[in-house]
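Chemist:
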Amino acid sequence: MRSNVFNKKEFVSNVKDNLKNLYRKTLDEANQQEIFQAVSTTVKDEIMDRWLATQQTFEKDDPKTVYYMSMEFLMGRALGNNLINLCAYKEVKEALEELGLDLSVIEDQEPDPALGNGGLGRLAACFMDSLATLGYAAYGCGIRYRYGMFKQKISDGFQVEVPDNWLKDGYPFELRRPEYCYEVRFGGNVRPEYGEDGSMKFVHENYQSVLAIPYDMPIVGYDNNVVDTLITWDAQAKEVFELDSFDKGNYEQAVAQENLARNLVEVLYPNDNHVAGKELRLKQQYFFVSASIQRALARFKKHHDDIHDLPEKVVFQMNDTHPTVAVAELMRILVDEEGLGWDDAWNITTHCVAYTNHTIMSEALEKWPIEIFQRLLPRVYQIVDEINRRFLIEIENRYPGNEYKKQKMAILWDGQVKMAHLAIAAGFSVNGVAKLHTEILMNQELKDFYDMYPQKFNNKTNGITQRRFLAHANPLLADWVTKHVGKGWITDLSQVAKLAPYAEDPKEQQEFMEIKRKNKIRLAKYIKEHNGIEVNPDSIFDVQVKRLHEYKRQLLNILHVMYLYNQLKSNPNMDFYPRTFIFGAKAAAGYRNAKLTIKLINNVAEVINHDPDIQGKIKVVFIEDYRVSNAEWIFAAADVSEQISTASKEASGTGNMKFMLNGALTLGTMDGANVEMYDEVGADNIFIFGMSAEEVIAHEQHKDYNPMEIYNNDPDIHKVLNQLIDGTFSANDKELFRDLYNSLLSNQGGKIADRYFILADFRSYANEQQKINSYYRNRKAWAKSAILNVAHVGKFSSDRTIQEYVDDIWHLDKITVKMDRI
Ligand code: GL4
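If you count the sequence shown from 1, position 442 lands on 442 in my numbering, and the numbers rise without skipping.
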């Protein structure tokens with residue numbers, strides 16, 4: 001289906017055939033969902049040939065393979081992306097137009113497979129795209145949650161969570177592979193069994209087991225015939241699967257196992273940067289990790305007799321601590337099933353597993369109560385215990401008599417299993433996700449580990465795929481870029497550097513701004529349809545879209561909107577360029593202040609959008625159900641990208657890069673990857689404000705920050721905060737926002753006042769916002785900066801990130817897939 005060989009006629013006839021076979025319908029009779037299914041099936045057919053050829057290449061070349069283990073893969077829709085990567089998007093669009101069909105309407109029928117929360121899950125998805133595009137053998141390993149991230153409805157300004165039944169119409173881009181199922185065991189007890197020769201082995205008994213059934217999703221590389229695989233594991237009760245034993249077996253046991261299987265994969269925990277600490281979550285982790293390792297070892301054994309060669313062919317990358325039980329599971333298999341001695345097994349394991357840290361937020365650190373861990377995974381626990389025992393000896397040898405070190409670094413301590421410590425003790429690589437983040441890990445959070453194992457630590461600054469976030473999301477800008485630098489940027493984003501000379505060209509500036517305006521109109525339509533709000537495409541689109549979290553400081557943004565509102569009310573003729581403040585964010589279901597912030601944004605919107613004094617100069621919009629599919633439109637339409645986390649808290653951020661790629665100017669703190677964006681684009685083309693990470697950390701250590709002082713001395717801030725509790729934005733319930741007010745001004749329940757330094761950074765934020773106001777009036781200057789943002793985004797491609805993982809950590813072999821046909 002490459003552009004040069006694509007045959008429209010054949011495509012159309014295949015779509016019709018598929019409609020007939022799937023639904024016994026003609027085109028005229030089918031609805032849009034059915035057409036989506038038929039078109040997707042046609043595209044899947046094309047993918048299948050390449051998928052087969054890729055597998056054959058694996059068989060023949062036996063390349064080293066990475067298993068990217070992640071609880072989350074936030075894939076977004078597949079149809080459009082697959083067409084882009086098959087280089088068939090435009091042709092298929094035209095072919096469908098000839099039938100009177102609109103590809104974007106068809107794409108809109110696809111549910112977003114939302115098997116992730118936010119940045120961490122979306123990063124995994126971008127990585128899969130880059131792995132396939134660069135031609136590396138890779139398996140993503142995750143869970144096929146029945147219900148992904150909840151759908152968000154806004155009702156009376158409040159977030160309401162609605163289950164996301166993404167599989168209800170059947171998902172065309174997955175393949176059930178029951179022939180590759182594995183058993184995973186929970187609970188029971190372990191007892192030693194002695195052989196006649198005096199040997200001993202551990203026997204696990206009285207356990208419950210489930211079967212892990214893989215569903216493979218194709219990951220299509222760009223224009224290279226490579227199709228990698230995302231394995232998502234479903235769970236089934238063994239007795240039901242093997243009907244035979246169900247007939248003979250124990251009914252109660254069968255029902256218990258069915259419940260276990262159903263619960264295991266029922267739902268994704270909707271917490272980002274926060275652990276729920278639920279037993280079921282640990283079960284989910286072990287379930288997919290065990291199944292994935294079993295599948296990896298089975299593949300390895302097809303080509304190899306000696307398990308000692310495993311590190312030459314297999315690497316497991318653990319995406320945060322969620323899959324780190326992999327360390328002990330691999331040890332268990334090597335010791336108990338492969339019959340290796342401990343040292344041998346440890347040597348193999350520690351050359352196969354690597355760990356990525358994605359956050360320093362303490363509430364996101366995974367620690368399991370030993371009681372739960374031991375009860376659920378008795379044999380795996382024994383192994384963790386032994387790893388810990390030996391690790392403590394290592395610390396003792398290195399720091400004789402230093403009990404304090406042992407306490408701080410132990411894997412088992414204080415009744416808990418510390419998953420990060422397990423990952424670092426075993427992993428041959430430990431990486432952070434942006435320069436600043438890695439420095440903080442090495443100098444603060446993980447300093448003891450860095451001192452002991454400096455060679456393990458490295459940085460891999462995150463990236464994003466330009467194929468989804470420019471080629472698919474913003475076809476107008478994509479064409480403009482191609483016109484100037486050729487198509488090379490699609491697989492080599494550094495090529496956009498060649499755009500820099502156009503930044504000064506008035507004609508190009510105008511064209512660029514015209515494209516931005518069209519994208520703003522597209523988003524304005526979406527907002528009109530979904531929110532009923534009329535927004536002005538000539539206003540500045542100022543956007544903050546990301547998970548709702550106190551450290552990301554959506555509250556700072558909306559407090560500043562309130563401040564501007566006050567200014568405009570008292571001085572209607574002040575210098576003010578019309579602004580549309582756009583928010584999109586899901587809050588974890590149990591996160592009270594986050595949910596209250598959503599309500600505040602919606603209430604502020606309600607008041608300001610309807611205040612005639614404002615004359616439409618400020619509009620506030622909360623986009624419901626922010627997700628990958630609408631994100632693509634939002635990035636394309638943004639002028640200002642709000643990246644305003646408290647410095648040191650956002651490990652990297654990746655939304656920041658997607659905005660930059662689409663020519664928005666960043667308003668941000670020196671946090672996460674913003675720091676590197678600043679280095680790339682230069683001080684003239686980015687708006688930086690607020691305390692540095694160092695300053696924040698110093699205040700945290702000295703406990704010397706007092707927001708009350710700011711409140712008492714700054715009358716504008718004083719007024720805004722009082723408006724949280726005087727009914728200005730909650731006429732019917734003055735107390736509604738009391739908790740937000742309190743969170744900024746008083747210490748409560750162990751939480752210190754204004755923990756995220758909102759008041760401390762408020763003035764410098766408002767000043768930068770004022771600069772944006774003036775700068776936007778200078779169309780040429782703005783356009784120049786916007787173009788320079790695109791021109792300097794090259795570093796932030798996930799292709800660059802993946803190549804660094806390959807060079808420094810994974811050492812994979814590149815593959816070439818040849819196809820007979822096409
Ligand atoms: C996160 C970080 O918060 C985010 O900054 C980063 O970009 C992302 C991918 O590395 O990982 N960590 C967790 S936990 N959730 C995230 O989104």
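Here a beta-carbon is modelled for each residue, glycine too, at the ideal position from N, C-alpha and C.
It should be emphasised that the depicted structure is a prediction, and the values quoted were computed from it without experimental measurement.
When you measure from the CB of VAL545 to every non-hydrogen atom of the ligand GL4, does any distance come out below 6 Å?
Modeler: Taking the first residue of the sequence shown as 1, we reach residue 545 at position 545. Not so, every heavy atom of the ligand GL4 lies at least 6 Å from the Cβ.
Chemist: Do you know offhand how far LYS408's Cα is from PHE449's?
Modeler: Mapped onto the sequence shown, residue 408 falls at position 408. Mapped onto the sequence shown, residue 449 falls at position 449. Rounded to whole angstroms, LYS408 to PHE449 spans 10 Å at the Cα level.
Chemist: Residues in its own chain within less than 8 Å of ARG146 by CB, not counting five upstream and five downstream?
Modeler: Residue numbering aside, residue 146 sits at position 146 when the sequence shown is read from its first letter. Contacts found: ASN165, LEU167, VAL265, GLU266, VAL267.
Chemist: Where does TRP166 fall in DSSP's three states?
Modeler: For this step, residue 166 is matched to residue 166 along the sequence shown. In this structure, TRP166 counts as coil in the three-state DSSP scheme.
Chemist: Rounding to the nearest angstrom, what Cα-Cα distance links GLY653 and ASP679 in this structure?
Modeler: On the sequence shown, residue 653 is found 653 positions in, with the first residue counted as 1. On the sequence shown, residue 679 is found 679 positions in, with the first residue counted as 1. Answer to the nearest angstrom: the Cα atoms are 16 Å apart.
Chemist: Any heavy atom of the ligand GL4 inside 6 Å of the beta-carbon of ALA637?
Modeler: The sequence position of residue 637 within the sequence shown is 637, counting from 1. No, Cβ of ALA637 sits at least 6 Å from all heavy atoms of the ligand GL4.
Chemist: In terms of residue numbering, what span does the alpha helix (DSSP H) encompassing SER570 cover?
Modeler: Against the sequence shown, residue 570 aligns to sequence position 570. Element bounds for SER570: 554-570.
Chemist: Taking 7 Å as the cut-off, decide whether the C-beta atoms of MET318 and TYR269 are in contact.
Modeler: Stepping through the sequence shown from its first residue, residue 318 is reached at position 318. Stepping through the sequence shown from its first residue, residue 269 is reached at position 269. Against a cut-off of 7 Å, the Cβ pair of TYR269 and MET318 comes out as no contact.
Chemist: Could you tell me which of GLY148, ALA237, ARG262 sits nearest to TYR848, measuring between CA atoms?
Modeler: Absent from the structure is residue 848, since the part of the chain shown begins at 1 and ends at 822.
Chemist: Here's the rule: buried if 16 or more other CB atoms are within 10 angstroms of the residue's CB, otherwise exposed. What is ILE644?
Modeler: Locating residue 644 in the sequence shown gives position 644, counting from the first residue. Buried, by the Cβ-count rule.
Chemist: Looking at the ligand GL4, does it come within less than 6 Å of LEU365, judged from the CB to the closest heavy atom?
Modeler: The residue given as residue 365 occupies position 365 in the sequence shown. The answer is no for LEU365.
Chemist: Ignore the nearest five residues each way along the sequence and tell me which others in TYR136's own chain have a CB closer than 6 Å to its CB.
Modeler: Walking along the sequence shown from the start, residue 136 turns up at place 136. Same-chain partners within the cutoff: LEU812.
Chemist: In terms of residue numbering, what span does the beta strand (DSSP E) encompassing ALA651 cover?
Modeler: Position 651 of the sequence shown, counted from the first residue, corresponds to residue 651. That residue, ALA651, is in no beta strand (DSSP E); it is neither H nor E in DSSP.
Chemist: By the three-class DSSP mapping on this structure, what secondary structure does ILE815 have?
Modeler: As a first step, residue 815 must be located in the sequence shown, where it is residue number 815. If DSSP states are grouped into helix, strand and coil, ILE815 belongs with coil.
Chemist: Just list the residues that DSSP pairs LEU115 with in beta bridges.
Modeler: Taking the first residue of the sequence shown as 1, we reach residue 115 at position 115. DSSP, once it has assigned bridges, lists PHE73 as partnering LEU115.
Chemist: On a CA-only basis, which of LEU436, VAL325, MET361, GLY339 is nearest GLY385? Give me that one, please.
Modeler: What you label residue 385 is simply residue 385 of the sequence shown in a count that begins at 1. Residue identity differs from the one stated: residue 385 is Asp in this sequence, not Gly. Here the closest residue by C-alpha is VAL325.
Chemist: Using a threshold of 7 Å, state whether the C-beta atoms of CYS141 and ILE213 are closer than that.
Modeler: Counting from one through the sequence shown, the residue named residue 141 turns up at place 141. Counting from one through the sequence shown, the residue named residue 213 turns up at place 213. Contact flag unset, no.
Chemist: Do the segment 197-212 and the segment 790-805 make contact, defined as three or more Cβ pairs closer than 8 Å?
Modeler: No, the segment 197-212 is not in contact with the segment 790-805.
Chemist: Going by the DSSP bridge assignment, what does LEU392 pair with across the sheet?
Modeler: Position 392 of the sequence shown, counted from the first residue, corresponds to residue 392. The partner list for LEU392 (beta bridge, DSSP) is empty, contrary to what the question assumes.
Chemist: What is the DSSP secondary structure of ASP704, reduced to helix, strand or coil?
Modeler: Locating residue 704 in the sequence shown gives position 704, counting from the first residue. Coil.
Chemist: According to DSSP, is CYS141 helix, strand or coil?
Modeler: Looking up residue 141 in the sequence shown gives position 141. If DSSP states are grouped into helix, strand and coil, CYS141 belongs with the strands.
Chemist: Buried or exposed: ARG390, going by 16 or more other Cβ atoms within 10 Å of its Cβ?
Modeler: As a first step, residue 390 is located in the sequence shown; it is residue number 390 there, counting from the start. Result: exposed.
Chemist: Pull up the distance between the alpha-carbon of HIS308 and that of TYR67, whole angstroms please.
Modeler: In the sequence shown, counting from the first residue as 1, residue 308 sits at position 308. In the sequence shown, counting from the first residue as 1, residue 67 sits at position 67. Their backbone Cα atoms lie some 18 Å apart in a straight line.
Chemist: Nearest to ASN85 by alpha carbon, out of LEU661, LEU123, GLU46?
Modeler: Position 85 of the sequence shown, counted from the first residue, corresponds to residue 85. When each option's Cα is compared against that of ASN85, the closest is GLU46.
Chemist: Have a look at VAL817 and ALA138 and give me their C-alpha separation to the nearest angstrom.
Modeler: Residue mapping note: residue 817 aligns to position 817 of the sequence shown, counting from 1. Residue mapping note: residue 138 aligns to position 138 of the sequence shown, counting from 1. Approximately 14 Å between the Cα atoms of the pair.
Chemist: Roughly how many whole angstroms lie between the Cα atoms of GLU606 and GLN544?
Modeler: Sequence index remark: in the sequence shown, residue 606 carries index 606 (1-based). Sequence index remark: in the sequence shown, residue 544 carries index 544 (1-based). About 18 Å.
Chemist: Have a look at GLN208 and ALA95 and give me their C-alpha separation to the nearest angstrom.
Modeler: Along the sequence shown, read from residue 1 onward, the residue named residue 208 stands at position 208. Along the sequence shown, read from residue 1 onward, the residue named residue 95 stands at position 95. In a straight line, the C-alpha of GLN208 is about 53 Å away from that of ALA95.
Chemist: Could you round the C-beta distance between GLY277 and ARG547 to whole angstroms and report it? I think they count as a contact, below 8 Å.
Modeler: As a working note, residue 277 is residue 277 in the sequence shown. As a working note, residue 547 is residue 547 in the sequence shown. Actually they are not in contact, since the Cβ atoms of GLY277 and ARG547 sit about 19 Å apart, beyond 8 Å.
Chemist: Counting along the chain, where does the beta strand (DSSP E) carrying GLU823 start and finish?
Modeler: One cannot answer for residue 823 here, as it falls past the ends of the chain, which runs 1 to 822.
Chemist: Since VAL621 sits in a beta bridge, which residues does DSSP pair it with?
Modeler: What you label residue 621 is simply residue 621 of the sequence shown in a count that begins at 1. According to DSSP, which records beta bridges pairwise, VAL621 is partnered with ILE582.
Chemist: Can you name the start and end residues of the beta strand (DSSP E) that GLY668 belongs to?
Modeler: Taking the first residue of the sequence shown as position 1, residue 668 is located at position 668. Element bounds for GLY668: 665-668.
Chemist: With 16 as the cutoff for other CB atoms within 10 Å, does MET574 come out buried or exposed?
Modeler: Position 574 of the sequence shown, counted from the start, is the residue given in the question as residue 574. The residue is exposed, with fewer than 16 neighbouring Cβ atoms inside 10 Å.
Chemist: How is the alpha helix (DSSP H) around SER104 delimited, first residue to last?
Modeler: By one-based count along the sequence shown, residue 104 stands at place 104. Unbroken alpha helix (DSSP H) run through SER104: 103-107.
Chemist: Kindly list the residues whose CB is nearer than 6 Å to the CB of MET217, restricted to its own chain and excluding five residues on each side of it in sequence; keep chain order.
Modeler: Position 217 of the sequence shown, counted from the start, is the residue given in the question as residue 217. The answer, listed in chain order, is PHE173, GLU174, LEU230.
Chemist: Which runs of the alpha helix (DSSP H), 4 residues or longer, sit entirely within the segment 410-435?
Modeler: You should have 419-426.
Chemist: Taking the runs of the alpha helix (DSSP H) that are 4 residues or longer, which of them lie wholly in the segment 695-750?
Modeler: Correct list: 707-713, 715-722, 738-745.
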